[in-house]
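J.: Below is a structure I'd like to ask you about.
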Ligand SMILES: Nc1ncnc2c1ncn2[C@@H]1O[C@H](COP(=O)(O)OP(=O)(O)O)[C@@H](O)[C@H]1O
Ligand SMILES: [Mg+2]
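Chains as they are written, first to last, in this note's numbering: chain A, 1 to 358; chain B, 1 to 372.
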């Protein structure tokens, strides 16, 4: 178990900058998710922590000690690759025992630890099989067991659930979380799936194009996204994004004037963001017309055409109340609105807009 | 068949007047037709294989028959025809059994019966002609000297013992196999894993090199060997054949290494292995089949090598099996076909054994599953 510190970490391949000036501290025993779209440098970050890639610049510390130069095999890091990377010519037992072979663990002790960890991840019935003879979920458990058997000070998971079907993903999500809490191992999970990140992690590192956009607890990431990128990436269905201009005490969206509330001092080009679940049907709100209906079971997603532009409205618990083409009125609470600077994408803290009256 | 909807054309509509609510497809008839088709294509394939294998097998069979039956250098054609008269019906019986008998047990019984009948027929038909005299080169050191009416012509041994040739050939084949497998494996790994300047052109060069007929190089190689003092040494021949064999072997191995994911190696290194340990314990086992394949090729190439052996070696002590066979067949005062055939059989056996052994191994490997 270790406290991880990254400062000024950078990785480039020729022209391509995969990770840029990354500063991050991960506390001992913490479960952190690195969230971002494909190609944003998540795996690269993970591989640098594992010692597979050497950072082009920056400092990496485990428990305060510099590890930049420490070889991968000496870092005692457990890693589960996206492909699981099981050794196809070895049985499950040999796969799990592989890391112990290099630690000079006595045979009896190794056997005991392999069986214990196999029981923990529930593959103890499969110990004599080959990886090729197992389902994706079973392979994943074996990979997890192999990463955990060496009692790593840091557990790295690279999109561990992306190759599983939906039901299994749910089970494994719970299970990985339970294991992490039980073993109290510092864990970094890499994922492009926001649900995975928000449900499993204590804290989320949201990345885009090699840079950290925001580091925050899941709830905060959702409620107070630091940038338009984070706001768009986190939350499903995605947040409504409406381009506009801040003019004095008003924000003009598509010709519609919205009053400003609060002290945030944005000027010029802005983007208004409101989550679909924060928009409600309101008899005194802005007039619109139902353009599309997507029943999602417990909730219904409506696409409403308004003078501001098309707006997604997510309504829970009421069934499908409207039909295509129905006239409706919508509104939202000012404190649910988010205003971003269009140029930088940064949140304008404290800036709110009031919903337009009908 | 059950899981797949049949093509519309293959769906005979039964009783269109019934309203079509039920029994639109006659499943039994479709299944029977599929069975018939399978049986037919199975028969056609077996028949083709039998027809194609007879002309391939026949020469080997004849060589074998001649080696055990030829007397005083001549071939008795009656023996060959009688042998054929037994072999061909036996092969056809095997084939018919495979086509017509549905049960594996029945086929085994038939196979045993046919083999027994063939053995009896052979011993009746040509038994009296069979003898081991043609194989006397195993224990007679100088075979030419021993030939009636010729040995007296020379006072020194004209032929070395066949075992010297056998040892030389084995040395050549085994050494060059080991060299090719080791060098091609390491080089293939390096080319597959490391980007270095000129990698693409290097790969192209490997293929182009293989495309040139080795014959075109004979004179330069001869001169080269002469200058570096390796003419008439087995080491020299080994090096030459290795060099010619390597480009293709490297290319093959590179392909095998390309198929091994990086992840596995990285995983091994985070598991505590050094780069070399990861290579040996995790990567090499994934390319075993490739190593075996290039090993078999290299061995056979070395075993059958004739051109460079003929050009670069002169001393009798350096003869290889191919040279031995050639000299036996090329003897000045008429050829003893019995001995030629016997030497040929002896020459074939190691390749055949190797092939049979490795074929079983290769099949096992692919059944064992390489996919990750
Ligand atoms: N070995 C490599 N050589 C060159 N470029 C690489 C290499 N690995 C990753 N990259 C590049 O770095 C960027 C980040 O990759 P990666 O960390 O794998 O993204 P993610 O895991 O977030 O999908 C991508 O643009 C990718 O093309
Ligand atoms: Mg990745």
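Note that beta-carbon positions come from the ideal geometry of N, C-alpha and C, so glycine has one too.
1. Would you kindly check if the distance between the Cβ of residue 327 of chain A and the Cβ of residue 287 of chain A is under 8 angstroms?
2. With a threshold of 8 angstroms, are at least 3 pairs of Cβ atoms found where one atom belongs to the stretch 157-177 of chain A and the other to the stretch 133-144 of chain A?
3. What I want to know is whether the C-beta of residue 40 of chain A ends up closer than 7 angstroms to one or more non-hydrogen atoms of ligand 1.
4. What are the residues that DSSP puts in a beta bridge with residue 287 of chain A?
5. For residue 7 of chain A, which option in A/18, A/16 and A/24 has the closest C-alpha, if you only look at C-alpha atoms?
6. Is residue 21 of chain B helix, strand or coil by DSSP?
7. Any chance the CB of residue 82 of chain A is under 7 angstroms from a heavy atom of ligand 2?
8. Where does residue 291 of chain B fall in DSSP's three states?
9. Run through the stretch 33-97 of chain A for me and flag every whole beta strand (DSSP E) of 3 or more residues, listed as ranges in chain order.
10. Three-state secondary structure (DSSP) at residue 194 of chain B?
11. Check each candidate in A/275, A/283, A/278 and A/319 and name the one with the smallest Cα separation from residue 293 of chain A.
12. Short of 7 angstroms in beta carbon distance, which residues of its chain neighbour residue 98 of chain B, apart from the five on each side in sequence? Order them along the chain.
13. Less than 8 angstroms separating the beta-carbons of residue 164 of chain A and residue 137 of chain A?
14. Measure the Cβ-Cβ separation of residue 318 of chain B and residue 234 of chain B and say whether it is below 8 angstroms.
15. What does DSSP give as the partner residues of residue 31 of chain A in its beta bridges?
16. Measuring alpha carbon to alpha carbon, tell me which residue in A/231, A/38 and A/135 is nearest residue 158 of chain A.
17. Anything in the stretch 250-282 of chain B with a Cβ closer than 7 angstroms to a Cβ of chain A? List those residues in chain order, please.
18. Starting from the Cα of residue 339 of chain A, find the closest Cα among A/151, A/226 and A/17 and give me that residue.
19. Quick check: what's the CA-CA separation for residue 320 of chain B versus residue 225 of chain B?
20. Quick check: the Cα distance between residue 247 of chain A and residue 239 of chain A, rounded to an integer number of angstroms?
21. If we cut at 8 angstroms on Cβ distances, does residue 72 of chain A have a partner in chain B?
22. Measure from the C-beta of residue 106 of chain A to each C-beta in chain B and report whether the shortest distance is under 8 angstroms.
23. With a CB to CB cut of under 6 angstroms and the five nearest residues on each side skipped, what residues in its chain are close to residue 256 of chain B?
24. I'd like to know whether the C-beta of residue 62 of chain A is nearer than 8 angstroms to at least one C-beta of chain B.
25. Thinking C-beta only, is residue 353 of chain A closer than 8 angstroms to residue 252 of chain A?
26. Per DSSP, residue 207 of chain A is paired with what?
27. Answer yes or no: do residue 376 of chain B and residue 141 of chain B have a C-beta to C-beta separation smaller than 8 angstroms?
28. Mind checking whether the beta-carbon of residue 158 of chain A lies closer than 7 angstroms to any heavy atom of ligand 2?
29. At a Cβ threshold of 8 angstroms, is residue 209 of chain A touching chain B?
T.: Short version:
1. yes
2. yes
3. yes
4. A/329
5. A/24
6. For residue 21 of chain B, the predicted model reports a pLDDT of 48, less than 50, meaning its position is unreliable; a value from the coordinates is still stated below. Note: residue 21 of chain B maps to coil in three-state DSSP.
7. yes
8. helix
9. 57-62 and 77-80
10. coil
11. A/319
12. 46 and 107
13. yes
14. yes
15. A/187
16. A/38
17. 261, 263, 264, 266, 267, 269, 270, 271, 272, 273, 274 and 282
18. A/226
19. 18 angstroms
20. 23 angstroms
21. yes
22. no
23. 287 and 290
24. no
25. no
26. A/212
27. No answer is possible for residue 376 of chain B: the residues shown for chain B start at 1 and end at 372.
28. yes
29. no
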